[in-house]
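Undergrad:
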Amino acid sequence: MMKKILTVSASNSKNSINRTLLELASSKIKGHAVTMLDIRDYPMPFFSLDTEENDGHPETAKQVRALFAEHDAFIISCPEHNGAMPAEFKNVIDWVSRLGDLQNPMFGANKPVLLLSTSPGPRGGVTNIQTLTQIMPFWGADIKGSFSLGSFYDCVVDGKLNDEKDQELTNVIAGFVNTLSI
Ligand SMILES: Cc1cc2nc3c(=O)[nH]c(=O)nc-3n(C[C@H](O)[C@H](O)[C@H](O)COP(=O)(O)O)c2cc1C
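Structure, rendered in structure tokens:
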């Protein structure tokens, strides 16, 4: 059955390499409806209880929440900043968590999620992926797998992955898509 997959670019950089990786990954999905959410398109103030009390919830947070609610599965490509998720992505999660029920602040009841990351360095942001894998089940995510691409600029030339990494990504995407039909 066709599923609705939301791909999420969790970078606020206009030349995001994580967005490039996400686009390469989504081009490998066939037979499902794929929509991209780039957090750059949903700017929000820095979360604080005071801002929430004074100004309420940003429309952009409501829009993101609605997109999370209406999708069946997620592929998130997340940069690593000092070993953790970028502050802007965490900010989106914090706002959205104020709109949902507290048990499943983001994704709903255990929706399938594939995590991607890349960086110019050799580890490809894997420290952050390990953290996300541990905490995202508390956000209502069922983490199905992950893929970290180190040394982005060596592996992606003229917008194309080298053969070895391309095959690895193909396998990761195929494995994730398979879990959706079970
Ligand atoms: C504040 C800051 C901290 C960073 N920390 C890390 C890090 O801990 N690990 C890493 O692999 N790369 C780190 N980087 C480099 C990022 O991987 C690099 O900027 C990458 O392009 C971010 O992904 P993006 O282009 O999708 O935003 C850091 C970059 C910045 C600006």
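Be aware that the sequence shown starts at -1, since it is given in this note's numbering, and climbs by one per residue.
Glycine included, every Cβ here is placed at the ideal spot set by N, Cα and C.
Can you tell me where the beta strand (DSSP E) with serine 95 in it begins and where it stops?
TA: Your numbering for residue 95 matches position 97 in the sequence shown. That residue, serine 95, is in no beta strand (DSSP E); its alpha helix (DSSP H) goes 85 to 95.
Undergrad: Taking its Cβ as the centre, do 16 or more other Cβ atoms sit within 10 Å of leucine 35, making it buried, or is it exposed?
TA: As a position in the sequence shown, residue 35 is number 37, starting the count at 1. Leucine 35 should be labelled buried.
Undergrad: For a quick check, are the C-beta atoms of threonine 5 and proline 110 less than 8 Å apart?
TA: The residue labelled residue 5 in the question sits at position 7 within the sequence shown. The residue labelled residue 110 in the question sits at position 112 within the sequence shown. For threonine 5 and proline 110, no; Cβs fall outside 8 Å.
Undergrad: May I ask you to check if the CB of asparagine 181 is nearer than 7 Å to at least one heavy atom of ligand 1?
TA: In the structure displayed, the chain extends from -1 to 180; residue 181 sits before or after that span and is not available.
Undergrad: By the 10 Å Cβ neighbour count, where 16 or more other Cβ atoms means buried, how is glycine 186 classified, buried or exposed?
TA: Because the chain here runs from -1 to 180, residue 186 falls outside it and cannot be looked at.
Undergrad: Short of 6 Å in beta carbon distance, which residues of its chain neighbour arginine 33, apart from the five on each side in sequence? Order them along the chain.
TA: Your numbering for residue 33 matches position 35 in the sequence shown. The sequence given here has threonine at residue 33, not arginine. Cβ within range, chain order: Leu4.
Undergrad: Closer than 7 Å to a non-hydrogen atom of ligand 1 - does that hold for the CB of isoleucine 74?
TA: Looking up residue 74 in the sequence shown gives position 76. No, Cβ of isoleucine 74 sits at least 7 Å from all heavy atoms of ligand 1.
Undergrad: I'd like to confirm something about glutamate 86: is its beta-carbon nearer than 7 Å to some heavy atom of ligand 1, or not?
TA: The residue you call residue 86 lines up with position 88 of the sequence shown. No, ligand 1 has no heavy atom inside 7 Å of this Cβ.
Undergrad: Could you check whether leucine 22 and leucine 113 sit closer than 8 Å to each other, using their CB atoms as the reference points?
TA: Locating residue 113 in the sequence shown gives position 115, where the first residue counts as 1. Locating residue 22 in the sequence shown gives position 24, where the first residue counts as 1. Cβ distance not < 8 Å, so leucine 113 and leucine 22 don't count as in contact.
Undergrad: For proline 56 and methionine 42, I'd like the C-alpha separation in whole angstroms.
TA: In the sequence shown, counting from the first residue as 1, residue 56 sits at position 58. In the sequence shown, counting from the first residue as 1, residue 42 sits at position 44. Their backbone Cα atoms lie some 7 Å apart in a straight line.
Undergrad: Verify whether the separation of the beta carbon atoms of serine 25 and asparagine 16 is less than 8 Å.
TA: Position 27 of the sequence shown, counted from the start, is the residue given in the question as residue 25. Position 18 of the sequence shown, counted from the start, is the residue given in the question as residue 16. It is not a contact, given that the beta carbons lie outside the stated cut-off.
Undergrad: CB-CB under 7 Å to glycine 81, same chain, minus the five flanking residues each way: which ones, in chain order?
TA: Locating residue 81 in the sequence shown gives position 83, where the first residue counts as 1. Excluding residues within five positions, the ones whose Cβ falls inside 7 Å are Thr125 and Asn126.
Undergrad: When every heavy atom of ligand 1 is checked, does at least one fall within less than 7 Å of the C-beta of proline 41?
TA: For the purposes of this step, residue 41 is identified with residue 43 of the sequence shown, where counting begins at 1. Proline 41: no, Cβ never under 7 Å from ligand 1.
Undergrad: Whole beta strand (DSSP E) runs in the region 17 to 50 with 3 or more residues, listed along the chain?
TA: As far as the region 17 to 50 is concerned, its whole beta strand (DSSP E) runs of at least 3 residues are 31 to 36.
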